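*Asks:* Before anything else, here's the structure in question.
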Amino acid sequence: MLHTLRLAKKGRGFTAPNPMVGATIVKDGKIIGEGWHEVFGGPH
10 MLHTLRLAKK GRGFTAPNPM VGATIVKDGK IIGEGWHEVF GGPH
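The numbering of the sequence shown is our numbering, which starts it at 10 and goes up by one.
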């Protein structure tokens with residue numbers, strides 16, 4: 010979870026008025042996907 014929160018913080022200063030969002034997909038204990046909301050108005 011801490012990893013996902015750190016991903017979300019990468020959007021700090023770029024996503025307002027939307028929240029910072031991070032996502033991590035884990036399968037069998039391995040991260041298989043991750044991402045974050047990078048910029049307001051962009052894909053997330």
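By construction, the Cβ of each residue, glycine as well, lies at the ideal position given by its N, Cα and C atoms.
This one's a predicted model, so the numbers in the text were calculated from it and none came from an experiment.
(1) I think valine 30 touches histidine 12, with their Cβ atoms under 8 Å apart; what is that distance to the nearest whole Å?
(2) Less than 8 Å between the C-beta atoms of threonine 33 and valine 48, yes or no?
(3) For lysine 36, which residues of its own chain have a beta-carbon under 6 Å away from its beta-carbon, when the five flanking residues on both sides are left out?
(4) What would DSSP say about alanine 25, mapped onto helix, strand or coil?
(5) Quick one: what's got a C-beta closer than 7 Å to asparagine 27's C-beta in the same chain, skipping five residues either side?
*Replies:* Answer, in terms of the structure:
(1) The pair is not a contact, with the Cβ atoms about 14 Å apart (cut-off 8 Å).
(2) no
(3) none
(4) coil
(5) His46 and Phe49
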